[in-house]
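First to last, the sequence lines map onto chains B and D. Under this note's numbering, the letters of the first sequence match residues 2 to 112, in that order. Under this note's numbering, the letters of the second sequence match residues 19 to 132, in that order.
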Amino acid sequence: NAGVTQTPKFQVLKTGQSMTLQCAQDMNHEYMSWYRQDPGMGLRLIHYSVGAGITDQGEVPNGYNVSRSTTEDFPLRLLSAAPSQTSVYFCASSWTGDGYTFGSGTRLTVV
Amino acid sequence: QQQVKQSPQSLIVQKGGISIINCAYENTAFDYFPWYQQFPGKGPALLIAIRPDVSEKKEGRFTISFNKSAKQFSLHIMDSQPGDSATYFCAASGSTGGGNKLTFGTGTQLKVEL
Chain B
2 NAGVTQTPKF QVLKTGQSMT LQCAQDMNHE YMSWYRQDPG MGLRLIHYSV GAGITDQGEV
62 PNGYNVSRST TEDFPLRLLS AAPSQTSVYF CASSWTGDGY TFGSGTRLTV V
Chain D
19 QQQVKQSPQS LIVQKGGISI INCAYENTAF DYFPWYQQFP GKGPALLIAI RPDVSEKKEG
79 RFTISFNKSA KQFSLHIMDS QPGDSATYFC AASGSTGGGN KLTFGTGTQL KVEL
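Here is the structure:
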């Protein structure tokens with residue numbers, strides 16, 4: 002039982018490059034979310050999903066895309082990376098929409 | 019606009035002491051209030067949570083106190099231990115209108131000294 006798996010753990014991108022952060026959960030959770038964590042700002046919601054085929058924007062969605070084609074996977078796409086997107090990204094999932102289980106994070110640096 | 023305000027930003031407590039972290043919220047549609055604990059290099063982990071139909075919830079050394087009229091809630095760590103040194107986040111979400119979106123406070127770095 003792996004829980005929430007995020008890949009890669011570390012990534013360096015050049016400005017303007019695109020990439021996909023992967024998130025997979027094996028708990029059959031309907032609710033999944035993406036957060037970014039920046040010093041002094043806590044965790045801010047980027048996008049979230051309440052089930053396969055259903056996504057919605059969070060607090061800071063600009064520059065990011067998501068899709069949810071299966072219950073297990075919820076990838077986050079950076080369309081054109083900018084230095085302001087340098088952050089630690091966390092994926093989380095929940096059965097009820099309350100108690101979320103978090104992955105171990107992806108540390109992204111955009112140069 | 020920050021919907022969940024957390025204080026203090028950092029806290030140093032002696033071993034065996036009580037650690038207290040406070041949060042205040044604005045959105046009256048919030049109906050679920052969890053606390054998360056995060057160690058360096060790890061993802062946040064759910065510590066304890068409360069709903070507004072009770073004023074206090076205790077799990078071991080961790081207690082949430084909730085004041086609905088003041089829109090405030092706090093985490094108390096009794097008999098604080100060095101292993102409790104971590105960053106703590108309060109959060110809030112609402113099942114109606116909020117779509118279970120979890121809104122976090124800015125975090126409190128707790129250090130428990132020997």
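Don't be surprised by glycine CBs; every beta carbon is placed ideally from N, CA and C. All of these numbers come straight from a predicted model, not from anything done at the bench.
Query                                                                                                    : Result
Members of the stretch 37 to 52 of chain B near chain D, C-beta cut-off 8 angstroms                      : Gly41, Met42, Gly43, Leu44, Arg45, Leu46, Tyr49 and Val51
B:Thr97 to D:Gly123 span [Cα, whole Å]                                                                   : 21 angstroms
Test item: CB-CB of B:Val89 and B:Gly64 under 8 angstroms                                                : no
N- and C-terminal bounds of the beta strand (DSSP E) containing B:Lys15                                  : Unbroken run through B:Lys15: none, as it is neither H nor E.
Cross-chain neighbours of D:Phe51 in chain C, by beta carbon under 9 angstroms                           : Reference to chain C is not applicable here, since the protein chains of this structure are B and D.
The beta strand (DSSP E) enclosing D:Ile36, as first and last residue numbers                            : Per DSSP, D:Ile36 belongs to no beta strand (DSSP E) and is neither H nor E.
Close beta carbons around D:Pro100, own chain, < 6 angstroms, minus the five adjacent residues each side : Val130
beta-carbon B:His30 near the ligand FMN non-hydrogen atom, thresh 7 angstroms                            : Only the bare structure without any ligand can be found here, which leaves the ligand FMN out of the picture.
Buried versus exposed, by CB contacts within 10 Å (16 or more), D:Asn118                                 : buried
Residues that B:Tyr65 contacts on chain D, provided the C-beta gap is smaller than 7 angstroms           : None at all; the shortest Cβ gap to chain D is about 15 angstroms.
CA nearest to the CA of B:Met33, picked from B:Met42, B:Ser19, B:Pro40 and B:Ser50                       : B:Ser50
According to DSSP, residues forming a beta bridge with B:Met33                                           : B:Ser50 and B:Ser94
Within 8 angstroms, strictly: CB atoms of D:Ser73 and D:Phe80                                            : no
Coil, strand or helix - D:Lys52 by DSSP                                                                  : In the sequence under discussion, the amino acid at residue 52 of chain D is Pro, which differs from the Lys named in the question. DSSP places D:Pro52 in strand when its eight states are reduced to three.
Distance CB(D:Ala134)-CB(D:Gln56) smaller than 8 angstroms                                               : This structure cannot settle anything about residue 134 of chain D, because the visible part of chain D is limited to 19 through 132.
Within 8 angstroms, strictly: CB atoms of D:Gly61 and B:Gly104                                           : yes
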